[in-house]
Amino acid sequence: MLIFGSIIKKCWTPNSDIDVLIVSEKTPKNFEDIVRSKLKIKKSVCLFSPFQIHLATPKEYNEWYKKFIKKDYVFL
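Every number in the numbering used here is 91 more than the matching position in the sequence shown, counting from 1.
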């Protein structure tokens, strides 16, 4: 799990969200299951929290997220 985006780049505003990426082999493959999983995670934290949940497989992380977030992240 890692945090990335404006909060890490120190360019956030009061309206910014906090991007949280969860990388797992168990990441759902179809859209509906992904939405369900994100909602379940949001509900467990707080439905109206500032967290923007992103789910990815290790392959998706390496092929897309890793290029997108570059060095601006913190592992949790």
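Note that CB positions come from ideal geometry on N, CA and C, so glycine has one too. These numbers were taken from a predicted model, which means no experiment stands behind them.
Straight through space, the alpha carbons of LYS131 and LYS120 are spaced by roughly 16 Å. Cβ atoms of THR118 and LEU146 come within 8 Å of each other, at about 5 Å. TYR164 is positioned such that its CB atom lies no closer than 7 Å to that of VAL114.
Within 10 angstroms of the beta-carbon of PHE159 lie fewer than 16 other beta-carbons, which makes it exposed. Counting only the Cα atoms, SER97 lies some 17 Å from LEU167.
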